[in-house]
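Participant: Be aware that the sequence shown starts at 10, since it is given in the numbering used here, and climbs by one per residue.
Built from N, CA and C at the ideal position, the CB exists for glycine as well.
Since the model is a prediction, treat every value here as computed from it, not as a measurement.
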Amino acid sequence: MCVVSDLLRAIDVGSVTLLGLLDLSTAFDTVDHDTLLRRLDLNFGIGGTALAWVTSFINNRTQEVLFAGKRSATCRFLSGVPQDSVLGPLLFLVYAAALFAIIDRHGFKAHSYADDTQIYMSVSAVEAQDAVNRFAACVSDVESWMNSNRLKLNADKTQIIWIGSRQQLANLDHTDLTLHSTTVTPLTTVVDLGVHVDN
């Protein structure tokens, strides 16, 4: 994982790293088809036959439920990409690619796997409060972008952890972070893509 190697490098130079794990609500289900296809064409240069193939993959998808021998009416999906497919996570990343520019503008680095996004910044212990303030501003801008793109950030499920050497962490003031009306307390252990990371 690139995040882990970056964190280890930060520890070697005597810094601490603020790692934030962002949680999205039903991200794959809310991807707007027209917006996705427009971004594939304009931002990534995918057109012609390739764009027609993606269009046929996401459009006109239907669902029905069979329960106790009775079948529901067929429902057509107007948004969303299939989460259980190989292409679904990639299409979601294309849809949300603009997030990386927002995160970069605040001085953070980011990694994403499908709808799991990690943002992080390495600073000296004395700059920790500045990093927390920048993190709050970054998450606020990310949330605004998501709201305008039919995505929802769960601020109450956002997690943060400070990572560093025992000596560097001892110099930190572990104050809580407020994201809108939600208080986020730094944790000592998080699970990131199934990997347990401690501070």
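(1) Looking at C-beta atoms only, is the number of pairs between the stretch 71-79 and the stretch 106-119 that lie closer than 8 Å three or more?
(2) Mind checking D21: buried by the 16 CB within 10 Å criterion, or exposed?
(3) To the nearest angstrom, how far is the alpha carbon of K161 from that of Q176?
(4) Can the beta-carbon of V103 be found less than 8 Å from the beta-carbon of L45?
(5) Where do the ends of the beta strand (DSSP E) carrying S34 lie?
(6) Thinking C-alpha only, which one of D125, I169 and A137 is nearest L99?
(7) Whose C-alpha, out of V204, G203, A164 and L186, is nearest the C-alpha of L33?
(8) Locate the alpha helix (DSSP H) running through I55, then write down its first and last residues.
(9) Which value, in whole angstroms, describes the spacing of the CA atoms of T198 and I169?
(10) From Q72 to V25, what distance separates their C-alpha atoms?
(11) Measure from the alpha carbon of R265 to the alpha carbon of each residue in L27, F37 and L178, then state which is nearest.
(12) Grab me the residues of K166's own chain with a C-beta within less than 7 Å of its C-beta, minus the 5 sequence neighbours each way, in chain order.
(13) I want to know whether the stretch 52-62 touches the stretch 117-133 - three or more CB-CB distances under 8 Å.
(14) Please confirm whether T39 and S94 have their CB atoms less than 8 Å apart.
Facilitator: Working from what's here:
(1) no
(2) Summary for D21: the model assigns pLDDT 46, below 50, so the residue's position carries little reliability, and this model does not support an answer.
(3) 37 Å
(4) yes
(5) Per DSSP, S34 lies in no beta strand (DSSP E) segment and is marked neither H nor E.
(6) D125
(7) A164
(8) Unbroken run through I55: none, as it is neither H nor E.
(9) 9 Å
(10) 48 Å
(11) This structure leaves residue 265 out entirely; the chain is present only between 10 and 208.
(12) D32
(13) no
(14) no
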